[in-house]
Every structure is written in C-alpha cells, then in structure tokens.
Amino acid sequence: MQYWLFKTEPDEFSIDDLQRKQEEIWDGIRNYQARNFLRDQVALGDLVFIYHSSCKEPGIVGIAKVIKTAFPDPSQFNDQSKYFDAKSTPDNPRWISVTLEFVEKLPIIALSTLKSDKQLESMYLVQKGSRLSIQPVIEDEWKYIIETYS
DNA sequence: GCCAACGTTGGC
DNA sequence: GCCAACGTTGGC
C-alpha cells in the first residue's frame with residue numbers, strides 16, 4: 001500500500017465534485033515527473049490525499065482511492081480539450097491518467113497547519129520549491145496526518 | 001498581481 | 001550539451 005497527494009484546483013475540480021461523481025479520470029497531468037509516478041508507481045488500491053491548490057485556503061480536503069491504474073490520458077487526443085497535445089499519438093501516448101474513487105471528505109487540513117508542524121518538516125509538500133502535482137506521501141506522514149488532524 | 005522556483009524550448 | 005528566454009505553478 002502506497003500513499004500519494006494529488007493537487008487539484010477547486011475551481012476546476014474539487015473534492016465536492018469528486019464526491020458527487022464518486023469517481024473521476026485524473027487527467028491533465030502535464031509534468032514528466034508527475035507522469036512517471038502515474039505510469040510507474042501508482043498502484044491499485046493506493047490511497048490519495050486530495051489537495052486544493054491555487055485557491056483561498058490551500059490544503060488537504062479529502063481522501064480518494066486508486067481504482068484504475070496507468071492508461072493513456074484521453075484528453076491529450078481531444079483537440080477540443082485544453083490538455084490536447086498534438087505531438088502525442090495513440091500508438092505512443094505521452095501522458096498518463098489513473099482513475100480515482102471518492103473515499104471521504106476531511107475537514108480541511110490547511111497548508112499553513114502542515115507547514116507549522118515540526119513532525120512534517122520533511123514532507124515534500126512543505127519543501128521550498130515543491131510544485132509537483134502528483135507526489136508520494138510516506139506512510140508515517142500519512143498516518144500522522146490522519147491521527148492528528150482528522 | 002507579485003514573484004520565487006522550476007520546467008521547457010530552441011538556437012548555437 | 002549549454003544556456004538565455006520564456007512559460008508555469010502556486011503561495012502570498
């Protein structure tokens with residue numbers, strides 16, 4: 001069992017949207033490091049913190065579960081999509097999606113809270129320059145966050 | 001809107 | 001392969 005943190009902008013797709021739809025193809029990831037995690041490491045049954053970014057109160061807002069692993073991100077072939085990539089072909093897809101299922105909503109665990117917690121100093125999310133939209137969370141961090149803040 | 005910290009592109 | 005210019009992320 002592995003743990004992850006996926007960022008999303010709530011204006012685009014929020015935890016409430018996921019709760020309403022129950023499952024969602026996680027598309028639009030256009031960063032190679034994040035893509036590599038999706039392609040090579042995200043496994044069936046892994047648990048994911050859903051994180052709201054670029055919004056009034058950034059933070060962890062819920063939990064989801066991986067119910068389908070690496071497949072070509074459909075949006076890269078859709079020329080109507082803002083994620084369309086003309087250089088990607090079905091034979092050699094460049095971008096990868098997984099499907100997430102809603103598990104639960106959490107009372108927001110604010111970025112400022114996580115940042116000020118000494119126990120979480122080494123968490124990737126709070127590192128300077130951390131920008132990855134798909135990032136691993138180590139088991140100790142996951143359990144500590146659940147026990148302390150949910 | 002600002003800007004630090006990256007990531008990508010493309011000429012050489 | 002180097003690196004300047006440009007683009008993006010995302011907190012504040």
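Residue 84 in the UniProt record's numbering is what sits at position 84 of the first sequence, and the numbering runs on without skipping anything. In this text, a Cβ means the ideal position worked out from N, Cα and C, and glycines have one as well.
**Request:** State yes or no: is the C-beta of Pro74 within less than 9 Å of the C-beta of Ser88?
**Result:** Taking a C-beta distance under 9 Å as the contact criterion, Pro74 and Ser88 do not qualify as a contact pair.
**Item:** Validate contact between the region 90 to 105 and the region 16 to 29 using beta carbons, cut 8 Å, 3 pairs
**Value:** As far as the Cβ criterion goes, the region 90 to 105 touches the region 16 to 29, which means the pair count is three or higher.
**Prompt:** Who are the Cβ neighbours of Pro93 in its own chain at under 6 Å, not counting the five residues just before and after it?
**Reply:** Excluding residues within five positions, the ones whose Cβ falls inside 6 Å are Pro72.
**Message:** For Lys7, count the other beta carbons within 10 Å of its own beta carbon; 16 or more makes it buried, fewer makes it exposed. Which is it?
**Reply:** By the neighbour-count definition (other C-beta atoms within 10 Å, threshold 16), Lys7 is a buried residue.
**Message:** Just list the residues that DSSP pairs Ile62 with in beta bridges.
**Reply:** Before going on, a small fix: residue 62 reads as Gly here, not Ile. Note: Gly62 sits in a beta bridge opposite Ile50, Lys105.
**Asked** Rounded to the nearest angstrom, how far is the Cβ of Gln2 from that of Asp40, given a contact under 8 Å?
**Response** With a Cβ gap of about 12 Å, Gln2 and Asp40 do not count as contacting.
**Message:** If distances are taken between C-alpha atoms only, which option among Thr69, Pro90, Lys68, Ile67 comes closest to Asn78?
**Reply:** It is Pro90.
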